[in-house]
Amino acid sequence: MTIRNLEAAFQPTSIAFVGPNRHGDAVLLHLLKRLAAAGFAGPVALVNIQHPIGVDPAGLTSAASLADLDFAADLVVYLGPAELAEDLVTTASITGARVVLFASAGFDSFPEATVAACLRAARPQRLRLIGPGSIGLAAPHAKLDLLVTRDPPLAGDLALIARSSAIVNATVTWAKARKLGFSGIAALGQRSDVDVGDLIDYFAADLRTRAILLHIESLSNPRKFLSAARAAARGKPVVLVRTGRSRDAFATGKTHAGKVTQRDAVFESALRRAGILRVGDLDEMFEAVETLTRLRAPQCRRLAIIANGRSLATLAADKLIQGGAEMAELAEETRAELAPLGRPGAVPGNPMTLPEAAGPEAFSAAISAVLADPAPDGVLVLAAPNPFIPAGDIAQAIAAAAKADMKRLGRRKTLIAALIGEDPLPRSALDEAKVPVFASPAEAVRAVLHQIRSAEAQEALMAAPPSLPADFTPEPDKARDVLRQVLAGGRTMLDPRETADLLAAYDIPMIETHLAANSDAVRALASDILTRHAALVVKVWSPDLPFKSDIDGLRLRLKTAEAAETAARDMTAAITAKYPQARIDGFTVQAMHDARQTLEVFTGIADEPLFGPVMVFGQGGTSVEVSADVAHELPPLDLNLADNLIGRTRVSRLFQAHRGQPEKNRAAVALTLVKLSQMSVDLPELKELDINPLAVDANGVTALDARVVLGEPARQAGRSGASRLAIAPYPKEWEQVLPLKDGWEVFVRPVRPDDEDLFRTFFEQISPDDLRLRFFAPVKDFNHKFLSRLTQLDYDRAMALAAIDPQTGDLLGVVRLHADPDHRTGEYAVMVRSDLKGRGLGWALMKLIIRYARVDGIETIKGEVLKENTSMLAMCGALGFAIATSPDDAAIAIVTLPVHAAAAQLDTP
Numbered sequence: 003m004t005i006r007n008l009e010a011a012f013q014p015t016s017i018a019f020v021g022p023n024r025h026g027d028a029v030l031l032h033l034l035k036r037l038a039a040a041g042f043a044g045p046v047a048l049v050n051i052q053h054p055i056g057v058d059p060a061g062l063t064s065a066a067s068l069a070d071l072d073f074a075a076d077l078v079v080y081l082g083p084a085e086l087a088e089d090l091v092t093t094a095s096i097t098g099a100r101v102v103l104f105a106s107a108g109f110d111s112f113p114e115a116t117v118a119a120c121l122r123a124a125r126p127q128r129l130r131l132i133g134p135g136s137i138g139l140a141a142p143h144a145k146l147d148l149l150v151t152r153d154p155p156l157a158g159d160l161a162l163i164a165r166s167s168a169i170v171n172a173t174v175t176w177a178k179a180r181k182l183g184f185s186g187i188a189a190l191g192q193r194s195d196v197d198v199g200d201l202i203d204y205f206a207a208d209l210r211t212r213a214i215l216l217h218i219e220s221l222s223n224p225r226k227f228l229s230a231a232r233a234a235a236r237g238k239p240v241v242l243v244r245t246g247r248s249r250d251a252f253a254t255g256k257t258h259a260g261k262v263t264q265r266d267a268v269f270e271s272a273l274r275r276a277g278i279l280r281v282g283d284l285d286e287m288f289e290a291v292e293t294l295t296r297l298r299a300p301q302c303r304r305l306a307i308i309a310n311g312r313s314l315a316t317l318a319a320d321k322l323i324q325g326g327a328e329m330a331e332l333a334e335e336t337r338a339e340l341a342p343l344g345r346p347g348a349v350p351g352n353p354m355t356l357p358e359a360a361g362p363e364a365f366s367a368a369i370s371a372v373l374a375d376p377a378p379d380g381v382l383v384l385a386a387p388n389p390f391i392p393a394g395d396i397a398q399a400i401a402a403a404a405k406a407d408m409k410r411l412g413r414r415k416t417l418i419a420a421l422i423g424e425d426p427l428p429r430s431a432l433d434e435a436k437v438p439v440f441a442s443p444a445e446a447v448r449a450v451l452h453q454i455r456s457a458e459a460q461e462a463l464m465a466a467p468p469s470l471p472a473d474f475t476p477e478p479d480k481a482r483d484v485l486r487q488v489l490a491g492g493r494t495m496l497d498p499r500e501t502a503d504l505l506a507a508y509d510i511p512m513i514e515t516h517l518a519a520n521s522d523a524v525r526a527l528a529s530d531i532l533t534r535h536a537a538l539v540v541k542v543w544s545p546d547l548p549f550k551s552d553i554d555g556l557r558l559r560l561k562t563a564e565a566a567e568t569a570a571r572d573m574t575a576a577i578t579a580k581y582p583q584a585r586i587d588g589f590t591v592q593a594m595h596d597a598r599q600t601l602e603v604f605t606g607i608a609d610e611p612l613f614g615p616v617m618v619f620g621q622g623g624t625s626v627e628v629s630a631d632v633a634h635e636l637p638p639l640d641l642n643l644a645d646n647l648i649g650r651t652r653v654s655r656l657f658q659a660h661r662g663q664p665e666k667n668r669a670a671v672a673l674t675l676v677k678l679s680q681m682s683v684d685l686p687e688l689k690e691l692d693i694n695p696l697a698v699d700a701n702g703v704t705a706l707d708a709r710v711v712l713g714e715p716a717r718q719a720g721r722s723g724a725s726r727l728a729i730a731p732y733p734k735e736w737e738q739v740l741p742l743k744d745g746w747e748v749f750v751r752p753v754r755p756d757d758e759d760l761f762r763t764f765f766e767q768i769s770p771d772d773l774r775l776r777f778f779a780p781v782k783d784f785n786h787k788f789l790s791r792l793t794q795l796d797y798d799r800a801m802a803l804a805a806i807d808p809q810t811g812d813l814l815g816v817v818r819l820h821a822d823p824d825h826r827t828g829e830y831a832v833m834v835r836s837d838l839k840g841r842g843l844g845w846a847l848m849k850l851i852i853r854y855a856r857v858d859g860i861e862t863i864k865g866e867v868l869k870e871n872t873s874m875l876a877m878c879g880a881l882g883f884a885i886a887t888s889p890d891d892a893a894i895a896i897v898t899l900p901v902h903a904a905a906a907q908l909d910t911p
């Protein structure tokens with residue numbers, strides 16, 4: 003991931019339009035007029051292009067080549083044909099350009115060989131390429147408009163990133179009508195170099211950008227995209243619309259997990275994981291923007307409704323509840339305050355019904371009373387038109403109540419209004435008060451639901467997972483041995499006995515399972531199993547026919563060895579007659595499971611070509627694909643994510659006790675999902691796996707049947723290129739024992755999301771002065787939000803190493819390094835428990851993070867240190883940091899270390 007040189011796309015110092023112009027004078031004339039109207043003040047040149055008629059040549063430089071210009075063009079807009087593009091990129095790179103925009107009036111593409119050649123030519127000088135087929139860029143605050151759109155964008159705080167020219171045109175026109183402006187716009191076209199992940203990183207760091215709007219169809223680099231989106235969503239709303247679902251390839255696979263995994267469902271889970279609000283279409287995107295650019299409440303699930311009509315209020319309440327909202331229970335004091343305002347004969351409550359002729363004072367008083375109640379997270383106000391009361395007066399009253407509420411202490415609440423049927427909407431007062439307003443109840447309800455989804459996304463980003471059980475100790479080496487033997491034999495599917503061994507290596511219980519080569523072996527195994535169990539099951543094992551129910555390939559509740567043998571012979575004859583080409587490699591013989599008090603679910607791992615491994619969970623049995631009660635999540639999982647995955651299915655309701663059925667052990671299912679997730683991390687050759695059914699009872703889980711398919715691991719695009727996961731997994735390779743002076747040893751490992759309690763206890767043992775030196779301010783409240791930012795790491799761009807006492811498990815010290823998107827520089831921080839100073843732990847952790855930086859490819863480590871922190875500055879000096887005074891604050895020192903030289907010195911005996 004990189005934002006290198008992207009400032010030249012949105013804040014260029016100079017621009018050159020380069021031909022020959024294959025698009026005609028209309029496009030060039032449009033771009034030049036828009037650039038002039040925007041007020042761009044830097045030099046502009048036409049290279050190998052004639053002046054179009056209608057443009058004043060004053061202020062424009064002409065040249066035959068970029069090399070002939072008397073200035074280096076920061077941004078090059080190429081209008082020529084594909085066959086000359088490589089030469090243009092080479093020349094632009096040599097002459098000092100930083101960005102080339104392959105512009106057009108609509109989407110077009112260059113041949114793949116041409117794109118590859120352009121990328122090679124751009125690489126030596128880090129020249130960035132946008133397009134081909136881009137309708138342009140804009141940054142209104144920088145006086146830049148190079149968009150081939152009907153309307154020019156206004157200046158504002160929205161960033162828009164899209165591939166489609168139609169999406170950009172529609173969004174700019176819609177925003178202009180609503181006086182919404184942009185901090186930046188980029189139409190990506192073919193995405194040869196600069197992609198969505200790069201631009202998310204750029205706008206996440208842009209102080210003018212308040213929200214990021216995305217349109218995508220697919221992703222060139224899912225891992226980079228998710229990493230960038232997750233980082234951005236912590237600080238500002240990210241709203242996305244995806245098109246192309248109808249063009250997604252149908253799922254294929256040799257397991258249920260593979261067959262039920264559709265790309266769009268995986269997109270949905272990935273976006274949820276990244277904290278992105280996904281909307282269904284452009285209308286919803288515009289509604290979400292209307293809401294999220296004005297409001298971003300930390301909670302928004304319990305709602306109150308105020309309306310001048312009972313049916314209007316009920317309609318909205320029904321829709322909100324259907325969408326997952328809850329109607330807040332108002333306090334007695336609030337209801338008493340509302341009583342004089344209500345419709346005659348109506349009981350005050352939620353929804354609150356005002357008379358049809360309610361005036362501005364009634365609306366204002368009702369809103370103020372409900373907002374002051376602690377129960378609701380937000381209020382939806384619906385005002386139907388009245389012939390005697392101007393809608394503008396109602397708008398003024400709503401705005402006044404909103405402004406008054408801003409002065410109230412306590413958490414910020416959502417306030418959304420609908421002035422039904424008004425066209426145009428009386429927006430000015432509401433815009434000033436930052437109250438989203440809509441013309442229909444449906445739009446307003448959707449806006450509330452967007453706010454709910456956005457708040458949920460933020461909660462998901464900050465969720466603290468419970469700790470894994472200490473006794474979960476997988477044996478990946480045993481699992482790898484199983485897979486190695488199968489692949490060495492030229493097979494891609496594990497047989498039932500190998501599958502049981504694989505599950506055992508990850509402590510996933512499976513019913514007693516044996517593999518018999520023929521019917522005689524079935525009889526012998528059955529005789530043995532029936533000495534321990536009342537009945538058994540016989541299943542055909544054929545790698546060509548993995549779904550036994552489809553071929554009548556299993557027999558249940560067999561109680562004698564003779565019956566088992568007969569079942570094997572009968573199934574062989576029937577299947578051979580119907581499927582003469584299919585191999586029958588034997589029979590699975592299992593104990594019969596008592597299903598009277600169990601729930602059958604389905605879980606597994608699918609391989610999605612874009613995202614890699616995907617965790618799947620849903621209703622079990624033979625109708626998995628038909629019921630479609632499945633949910634997806636990207637690994638790695640923790641227990642919190644696993645439980646949320648379960649909760650997104652209908653079958654999750656059956657875990658509760660009902661009609662004589664005891665409560666089922668949902669926690670055991672969540673743990674099984676985490677174990678499978680770890681399997682997907684450890685075993686890249688594992689392509690598909692499903693357990694169907696997984697029997698769940700009050701005591702735990704038992705796998706009754708499973709399939710495993712192997713394949714050559716497909717490496718996903720990413721910074722390291724080494725992992726097939728779309729989300730960077732826990733970097734176990736950095737676990738180690740760190741020897742210190744005096745024979746002291748500590749265990750060092752990467753920080754995990756479930757370390758919050760460990761950090762809370764650690765900070766309680768740090769002196770107030772040490773905390774101030776570390777955080778540059780007194781710190782007294784170690785709340786969840788504070789701790790989650792320290793423990794929830796995106797390992798693609800950050801690392802924190804915790805030193806643990808091997809005897810007590812206490813946190814003794816921690817060092818962290820957060821890289822910029824380019825992975826060129828990293829900002830460090832280190833802290834050791836106050837009572838351990840002087841024992842060499844801080845020194846050892848600093849040396850370790852320097853080695854990590856070298857492995858990660860980071861070139862420079864930087865940090866800010868209060869000058870009064872003399873011990874830290876002394877350690878920095880001893881490690882080779884350069885120390886200088888901050889230009890912004892004389893009390894702060896900036897310390898800088900070139901990583902490669904420092905790491906090499908540490909390696910020298």
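Its first residue numbered 3, the sequence shown is counted upward by one per residue in our numbering.
For every residue, glycine included, the Cβ atom is placed at its ideal position computed from N, Cα and C.
Small disclaimer: the values here were computed from a predicted structure and weren't measured.
Residue(s) in a DSSP beta bridge with residue i
i: residue 830; result: 819
i: residue 621; result: 603
i: residue 610; result: 614
i: residue 9; result: Residue 9 is not bridged to any residue.
i: residue 426; result: Its beta-bridge partners do not exist; DSSP assigns none.
i: residue 778; result: The partner list for residue 778 (beta bridge, DSSP) is empty, contrary to what the question assumes.
i: residue 592; result: 515 and 539
i: residue 324; result: Residue 324 pairs with nothing; no bridge assigned.
Host alpha helix (DSSP H) of residue i (start-end)
i: residue 787; result: 786 to 793
i: residue 498; result: 498 to 507
i: residue 550; result: Segment: none, residue 550 is in no alpha helix (DSSP H) and carries neither H nor E.
i: residue 694; result: Per DSSP, residue 694 belongs to no alpha helix (DSSP H); it is in the beta strand (DSSP E), 688 to 698.
i: residue 681; result: 668 to 684
i: residue 524; result: 521 to 531
Anticipated Cβ contact below 8 Å, residue i with residue j, distance rounded
i: residue 607; j: residue 678; result: 6 Å
i: residue 592; j: residue 538; result: 6 Å
i: residue 76; j: residue 100; result: 6 Å
Check whether residue i and residue j have beta carbons under 9 Å apart
i: residue 672; j: residue 502; result: no
i: residue 570; j: residue 526; result: no
i: residue 861; j: residue 827; result: yes
i: residue 93; j: residue 67; result: yes
i: residue 833; j: residue 877; result: no
i: residue 498; j: residue 516; result: yes
i: residue 174; j: residue 496; result: no
i: residue 657; j: residue 601; result: yes
i: residue 329; j: residue 307; result: yes
i: residue 177; j: residue 291; result: yes
Where the beta strand (DSSP E) containing residue i begins and where it ends
i: residue 635; result: 632 to 635
i: residue 362; result: Run containing residue 362: none in the beta strand (DSSP E); it sits in the alpha helix (DSSP H), 362 to 374.
i: residue 539; result: 538 to 543
i: residue 747; result: 747 to 752
i: residue 64; result: 62 to 65
Sequence ranges, beta strand (DSSP E) only - wholly within the region 123 to 190, length at least 3:
With a minimum length of 3 residues, the continuous beta strand (DSSP E) runs that stay inside the region 123 to 190 are 130 to 136, 138 to 141, 146 to 149, 157 to 164 and 184 to 189.
In chain order, what are the residue ranges of uninterrupted beta strand (DSSP E) at least 3 long that sit wholly in the region 193 to 236?
If we require 3 residues or more, the beta strand (DSSP E) runs fully inside the region 193 to 236 come out as 213 to 218.
Please specify which runs of the alpha helix (DSSP H), each continuous and at least 4 residues long, are wholly inside the region 334 to 363, giving them in chain order.
With a minimum length of 4 residues, the continuous alpha helix (DSSP H) runs that stay inside the region 334 to 363 are 334 to 340.
At which residue ranges does the region 73 to 130 contain complete alpha helix (DSSP H) runs of 4 or more residues, listed in the order of the chain?
Counting only runs of 4 or more, we get 87 to 96 and 114 to 124.
Could I get the ranges of all uninterrupted alpha helix (DSSP H) runs contained in the region 8 to 58, with 4 residues as the minimum, in chain order?
If we require 4 residues or more, the alpha helix (DSSP H) runs fully inside the region 8 to 58 come out as 9 to 12 and 27 to 40.
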